[in-house]
Each structure stands twice: as structure tokens, then as C-alpha cells.
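Residue numbers (the numbering used here), protein chains in the order written: chain U, 335 to 591; chain F, 335 to 591. Where a beta carbon is used, it is the ideal one built from N, C-alpha and C, also for glycine. Working notes, beginning with the structure itself.
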């Protein structure tokens, strides 16, 4: 629930939005879901991350987790078209170089990286996936290989919300994802090429899942409190000159207080 | 039907392929279709063309038409991963600068292009679409706008084979496509962004249609003669050192003839 101060700020900022803008935000909000969430593991190419951000916005996938292990997650606003501000994006920043905290981490850091890939100090993947599991998500690992994997069309969505994990461009999902996975997902392919590029895979998977959660009577919408909080965040982030307005709001509050 | 000389060349080149390679080609060939074909109108970014080439191979869409009007169609083998050689790709080269042949063409060429876009001398789109129509294709124009457009999941595929047209990155489909279209197709979107990038759109559309033609009992496979011709083309294009082998074959034939 928003507290009174937040409610006041909301009302104040809302006054600077056009009715059309408010209406648009409401319409989009009603189609947002967390029932399917996107996890990107250690992407390298900013174009891929950005393309997936844009897909998520377009398809109503509100929550996106970007895990940095070796590579910094960068987004290119020329590709994502500014859609990142409309998502609940959680970027798990790559651990700084220094003493890794676990034995496993130290062992990994000690390994040379012959092709110039930055060293892996400590994989954050297990922490992120454990957190998602504790929230009730099934870990759905995308992998182009096993014939008996689920397809986007056949994945059991009634078993619970799905966190769909896409691995890095070069190596695919990590062993940590493989270990944590509840189910593997593949996109059927019948050509000579053995994989789709990451952006295409994500577009296909989220298009199909976004359609299915709506058709299969699942409890996919945001809870009322969550939706209220999302709307508040959107208004704070995107009201014209929001920062200046918020500063002015704070100043007026202090004067009247 | 292949003639005797072609059959001899086939046998000759086949001798240089491993059994695994031949088996792989046969498996892929059995999944090829022309029931759905891809038309790209005047793409600008080589990455998009290349990504679509890769999607088409992966999804068994064998025939791809690339129309150049203002821009040269370029492909980036880093993105298409060499899949172009496995497709029936028909590139309609941009007319050379010079006197356009029609009044409409001359009028267009006379118009300045304020943003540096190359002038449109003569659109080849109507010719390509007319040719596809004469072969029985319905022209399916992708367009992000009209709410009553068909979806990939609802497009009537029993009405005939579908030529799905994707317009240029900047301007979408041309008026010529709009005029020739039998049906419009859109991908549902529920976010702030109003479109997918071209590669993502194509991936979604062809994934869904490729799946549907297989499930809906349509006559989607290549005809026997067509399949034979495709296999012959593949062998000619991709046998190791094919050019040298073909030259040697010709020389031996002349000696024995």
C-alpha cells in the first residue's frame, strides 16, 4: 500500500499528465503480468538485451531479471526505444574484482580466460534463481537441444508462474541454470541452422506464453496493490520534468509542515 | 524433372558427400515448404535481412523474396550463419539509375529525397506481388495497426498459400503492398511500444505459421519434382570444392563424349 505521502506525491504529479497519457498508462497496466517473467543470464551484446526489453514491454511481461556474471548488461536505447522505464527491471551487477567470497568463486577466478572473456568471480545465477523459486516461480530453461523438452505451446503453465531463462549468446545457459531448472524449453527447428538468435527466441517464447496465459484462464494479472505501486513508479519516472516536480513537491511540503 | 546430364552430375557430386551430410540434407528437405513464403520489401539494415534468412532456414520456409526499391539488399553472414545457400532466395535488384520506363517511375525519380534516402526509380513491388498472385499466393501484408487484422494464429491458411510481406524498417509496407494485399496481419501488442523490430516480427509470424501448416493438415510439403530440384541445387552449391568438381565433371564428359 502507498503511504499518505506517496499518495500526495501521486496526486501532485498526476496533475502534470494529460488525460490521454493517464488513460494509456491505465490500459497498458491492465495488461501487465508477472506470471511469466524473463531472466537473461550474462548477455554480451547490448542489442540483444535491448531487443528483449522491447519485446517484454510489447507483450506485457513486466518483470525482467538481467544477471551479470562476466559481462555488464548494457542496453541500447536506439533498440529498446526507451521501454526499459516501463518495466520492473532488476539488474544484478557483476561482482567487483577482489576477493571472491566462496571457495567455488576463488577457484573460478583463478582460472585463466584464454579468449579474453572476463573472469567469472562468482556466479550470481544461483542466488537469483533461488529467490525466484522462493516466490513460487518454476525455472524454465531455454535450450535448443533435447527433443523431449517442452515447447512454448506445450509448457505446463498451470503448475505455477514461469521464469524463462535465456543464456548468454555464446555458451547458452550455465550449469547453474541447468541444475536449478524445473523444465527445459525449446523452439522447434527444422533447418540446417541449430539455433535462433536470442532476440528471436525471446520474441517467439513470450509471444506464445503471453497469448496462452490470457487464453487459459490463469491468474496472470498484477495484484491490486502491486498494480498501484507500478503505476506510482511509472508516474514518478515519466512525469514531464519529474525530478524538478518532486523537488518542488518536497520543498512545498517542508514549507507547509 | 532433371535431365540425364543433371542426373549424372548429381551422382558424381554426391560421391563427395558423407552419408551423414546426405542424411541431414534429406531430413531438412522433408520439412521444407513453399506454402508460406517470405517477402521483404526494401530493407535497409543488413542485420534484419540476415536474421530473417536464418529464421526461414530454421523454420523450413524455403522461398524468400527480397525486393530492392531504394536500398540494396545485403546480408551479413555473421548473422545468417551461411543459411542463405539453403534457401530459394530471389533478390529483385534495384533498377539502375537512368531513364525509368513508366510515367509513374519518372515522376517519382524527379522527387527530391530530403533525408538522403536514395530516390525510388521504379517500385518492383507490384511485379513481384503479381507474380506471386499468379502462382496462387494470397498476399498477407504485415502491419502493426488495424485492430481487425488477422493474427498469426487466426489467419485463414485453408484459403491458399500465403506470401507474407514485411515492409521496410522505417516506413513499413508500401502503398503498393497495401493495394495488393488480400489480408492484413498483425501481432498483438499490449505495451507502450507500438511495434516489434522486423526480425522479431518475422520470427513470431513464421514460428506460428510453420507450426500451423503442419498441424492443420495442409498440403505444405514440396512436390516431388520440386524437392528433387532443390536437392540438386543444394548438392551443386554445397559439395566440398563444388566448382572444381563441376569443372572436372565437364572436362571428363567432354573427353568421353
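### Query
Would residue 500 of chain U be called buried (16 or more neighbouring beta carbons within 10 Å of its own) or exposed?
buried
### Query
residue 392 of chain U and residue 527 of chain F: beta carbons closer than 7 Å?
yes
### Message
Going by DSSP in three states, residue 550 of chain F sits in which element: helix, strand or coil?
### Response
coil
### Task
State the DSSP-derived secondary structure class of residue 507 of chain U, mapped to helix, strand or coil.
coil
### Task
For chain F, find out if any of its Cβ atoms is closer than 7 Å to the Cβ of residue 523 of chain U; answer yes or no.
yes
### Task
Tell me, please, whether the CB atom of residue 593 of chain U is closer than 7 Å to any CB atom in chain F?
This structure leaves residue 593 of chain U out entirely; chain U is present only between 335 and 591.
### Query
Which residues bound the alpha helix (DSSP H) around residue 576 of chain U?
576 to 590
### Query
Any C-beta of chain F sitting closer than 7 Å to the C-beta of residue 505 of chain U?
no
### Message
Among U:519, U:495 and U:348, whose alpha-carbon lies nearest the alpha-carbon of residue 568 of chain U?
### Response
U:348
### Task
Could you tell me which uninterrupted beta strand (DSSP E) segments, each at least 3 residues in length, are contained entirely in the segment 353 to 405 of chain F, listed from first to last along the chain?
370 to 375 and 397 to 401
### Task
Run the CB neighbour count on residue 485 of chain F, radius 10 Å, all protein chains shown included, and call it buried at 16 or more, exposed below.
exposed
### Continuous beta strand (DSSP E) assignments of at least 3 residues falling wholly in the segment 465 to 504 of chain F
472 to 476 and 496 to 500
### Task
Starting from residue 565 of chain F, trace the alpha helix (DSSP H) both ways and give me its first and last residue.
558 to 572
### Query
Are the beta-carbon atoms of residue 498 of chain F and residue 399 of chain F separated by less than 7 Å?
no
### Message
Classify residue 530 of chain U: buried if its beta carbon has 16 or more other beta carbons within 10 angstroms, exposed otherwise.
### Response
buried
### Query
Whose C-alpha, out of U:396, U:342 and U:582, is nearest the C-alpha of residue 365 of chain U?
U:396
### Query
Is the Cβ-Cβ distance between residue 457 of chain F and residue 518 of chain F less than 7 Å?
no
### Query
Residues of chain U with a CB under 8 Å from the CB of residue 531 of chain F: which are they?
385, 388, 413 and 533
### Query
Where DSSP assigns a beta bridge to residue 425 of chain U, which residues make up the other side?
U:400
### Query
From residue 496 of chain F to residue 516 of chain U, what does the alpha carbon distance come to, in whole angstroms?
38 Å
### Task
Determine the direct distance from the alpha carbon of residue 382 of chain U to that of residue 469 of chain U, and round the result to whole angstroms.
27 Å
### Query
Does the segment 353 to 371 of chain F come close enough to the segment 537 to 557 of chain F that 3 or more CB-CB pairs lie under 8 Å?
yes
### Query
Sorted by chain position, which residues of the same chain lie with C-beta nearer than 7 Å to residue 562 of chain F's C-beta, five sequence neighbours on each side aside?
336
### Message
I need the boundaries of the alpha helix (DSSP H) containing residue 343 of chain F, first residue and last residue.
### Response
338 to 348
### Task
Drop a sphere of 10 angstroms on the beta-carbon of residue 407 of chain U, count the other beta-carbons inside from all chains shown, and report buried for 16 or more, exposed for fewer.
buried
### Task
Locate the alpha helix (DSSP H) running through residue 527 of chain U, then write down its first and last residues.
Residue 527 of chain U -> no alpha helix (DSSP H), and no H or E assigned at all.
### Task
Mind listing the chain F neighbours of residue 394 of chain U? Cutoff is C-beta to C-beta under 7 Å, in chain order.
524 and 525
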